[in-house]
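Mapped onto this note's numbering, the consecutive letters of the sequence shown carry residue numbers 17 to 358. Glycine included, each C-beta is placed from N, C-alpha and C at the ideal position. Below is one structure; the comments refer to it alone.
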Amino acid sequence: VSQSASKLPSKILELMDGFRASKALFVASKLKIFDHLKDKGPAKAVDIANDVGTSVCGTERLLDACASLGLLEKTPQGYSNTDSANTYLTSDGKYSLHGYIIHSNDHLWPLFTNLEFAVKEGSRQNHRAFGKKADDLFKDYYHSQEVNQRFMAAMHSIAHLTARDVATAFDLSQFKSACDLGGCTGALAYELVQVYPNLKVTVFDLPEVIANTSYFQPSGQHTAPVTFVSGDFFKDNLPEADLYILSRVLHDWPDEKIHVLLSKVSAVCRPGCAILLAEMVLDDEKKNRSTALLQSLNMLVQTEGKERSGSEYQALLKQHGFKNVKIRITGNLLDVILCVKT
Ligand code: SAM
């Protein structure tokens, strides 16, 4: 390495290229190249291009870029998936991130294109990205069946990756019933009943979501003690439960809305019952965790919410009678906060 090369600002150069790498991953996923290679094994660019219906010259460059990023292997026989592409990038695996990648490409990318406006104006950018802005971000998501299912698939893929760590961060075996508020496809609910066979879980979400949950149910578990109830957690009565779960829900909302929701939970939560939050918990100085801090920008471009620190969650909970807050940093994408009401 020459002396000048060793002085290159490699971190900055890598960040400058970050969006190119993201987009290469998104396009390869959108074209289902990883699915294609899982079925067929090593394949030449020309054959992949023919099967996928793309140009040979463009496909070859995309495949080479993906190989250089560690997503594919390139040998004289052609391109094949790495193990991690087989696990995470094919669209049908248990831990597939395909749903979140498509959501990132189709939804988050146009929003992040307007990050500058979001920072200047301090507000979400759905109108600039998509030409419209409903009063509530979920109305933006659920206006069409296509966007609705894409969003649900995205939530499902991350929830699968995090569910085991969320379910086991604390021993929840004392609880007989749980209600997962904003529980979406039920991914966490199904994990909870696996870990705690005596637990019954109710997934509570908006009617547009509940109408589409059957697609995401694990096969062979139709008799599992998970039930789905539709409603609006700001307006409707909440189902009775010993444990109320809010996973990636509070980060969608500003403090005022959180107070409405927490006061409703507090009102139905008897002593001995508990609230469990699953969120990316920031350190108090908000400086150590770029995944979570970038997620907070992701909240800025599309919601009125943000990521918060452990102390901020503690303060919100305290105002609703939830003291003795316990926080577990899991090392996974979501951390867990538990508070038993005394
Ligand atoms: N808890 C799931 C997870 O961690 O994967 C989904 C998180 S997603 C960011 C937020 C969820 O809250 C969505 O499923 C959404 O439909 C639901 N939600 C939003 N507003 C709601 C409301 N007013 N009443 C009930 N559910 C709502």
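- If you compare the alpha carbons of 20, 77, 192 and 132 with that of residue 212, the shortest gap goes to 192.
- Apart from sequence neighbours up to five positions away, the residues of its chain that approach residue 167 with a beta-carbon distance below 7 Å are 119 and 157, ordered along the chain.
- Per the C-alpha coordinates, the member of 123, 260, 173 and 351 positioned closest to residue 154 is 123.
- Pairing residue 277 with residue 332, the inter-Cα distance amounts to about 11 Å.
- In the DSSP assignment, residue 154 falls within the unbroken alpha helix (DSSP H) covering 153–157.
- Under the three-state reduction of DSSP output, residue 212 falls in the coil class, being neither helix nor strand.
- Counting only residues of its own chain and dropping the five nearest sequence neighbours on each side, residue 42 has a CB closer than 7 Å to the CB of 117, 120 and 121.
- DSSP places residue 271 in the uninterrupted alpha helix (DSSP H) bounded by 271–284.
- Nearest Cα to residue 340 within the set 350, 169, 287 and 85: 287.
- Around the C-beta of residue 235, fewer than 16 other C-beta atoms lie within 10 Å, and the residue is accordingly described as exposed.
- One Cα belongs to residue 298, the other to residue 310, and the distance between them is close to 11 Å.
- The three-state secondary structure of residue 225, taken from DSSP, is helix.
- Sequence-distant Cβ neighbours of residue 50 in its own chain, meaning closer than 7 Å and more than five residues away, are 44, 97, 101, 105 and 106.
- C-alpha of residue 245 to C-alpha of residue 195: approximately 10 Å in a straight line.
- Just so you know, the alpha carbons of residue 358 and residue 338 end up roughly 8 Å apart.
- Under the DSSP assignment, residue 131 falls in the alpha helix (DSSP H) whose first and last residues are 131–137.
- Look at residue 338 here: in three-state DSSP terms it is coil, with no helix or strand label.
- Taking a cut-off of 8 Å for Cβ pairs, the region 303–322 and the region 219–227 do not touch, as fewer than three such pairs fall below it.
- Annotated three-state conformation of residue 183 is helix, per DSSP.
- Shown here, residue 28 sits in a helix according to DSSP, grouped into three states.
- The three-state secondary structure of residue 320, taken from DSSP, is coil.
- Inclusion of residue 263 in the 6 Å shell around the ligand SAM follows from its C-beta lying nearer than that to a non-hydrogen atom of the ligand.
- Classified as buried, residue 268 has 16 or more neighbouring CB atoms from the shown chains inside 10 Å of its CB.
- Following the DSSP letters along the chain, one finds residue 102 in no beta strand (DSSP E), marked with neither H nor E.
- The residue among 326, 86, 92 and 291 with its C-alpha nearest the C-alpha of residue 40 is 86.
- Exposure of residue 135 is indicated by the presence of fewer than 16 other C-beta atoms within 10 angstroms of its C-beta.
- For residue 353, the secondary structure class from DSSP, reduced to helix, strand or coil, is strand.
- Around the beta carbon of residue 296, 16 or more other beta carbons sit within 10 angstroms, so the residue counts as buried.
- Residue 322 sits buried, since 16 or more C-beta atoms from the chains shown fall within 10 Å of its C-beta.
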